[in-house]
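Residue numbers (the numbering used here): 1 to 163. We put the CB at the ideal spot given by N, CA and C, even for glycine. See below for the structure under consideration.
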Amino acid sequence: MIATVAADFAAMLPGGGRLVGLDVGTRTIGVALCDAGWTFASPAELIRRTKFQKDKAALAALIAAQSVRGIVVGLPLNLDGSDSPRTQSTRAFARNLLDLALPILMWDERWSTVAVERSLIEQDATRARRAELVDRMAAAWILQGAIDALAHGLDAGEAVRPH
């Protein structure tokens, strides 16, 4: 089942569990993982896209090895929140993952790459190093936003306020 609301996704995972975050691009898939308690997300790996069945097999192997219970897919919306051609292809990608029998959450990723690029520039990372890291780190950014919302009962766009 594909959810677009964090609360619906959380209801599909009553016991929590590890999640995988995906930043789906045309040439690569950035992958991140979080802990079972939905506290922190970390960049995991980069899958170079080939044919969909090979991409899905690589994801399935990672999901099995890491005991993943749910998938968070970054949804590339236009800045005004409307769909773009990439939005449609990402939704199709997510639909094609349904036979993995895991709940899927589509999560707004509008500012993930920009935020990650700025962070890497602030860290004085070279252009080559940024290119190597950006997709995995964007996946972690997406996943962290989703798990923050899940842990605090929020949805995309709502701020998590410190106590």
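Looking at the DSSP output, residue 1 bridges to nothing. Taking 4 residues as the minimum length, the alpha helix (DSSP H) runs contained wholly in the region 43 to 80 are 52 to 65, in order along the chain. In the three-state reduction of the DSSP assignment, residue 141 falls in the helix class. Residue 21 sits away from residue 104, with the two beta carbons spaced by 7 Å or more. The beta carbons of residue 106 and residue 68 sit no closer together than 7 Å.
Between the region 55 to 65 and the region 94 to 104, the count of Cβ pairs shorter than 8 Å is three or higher; the stretches touch.
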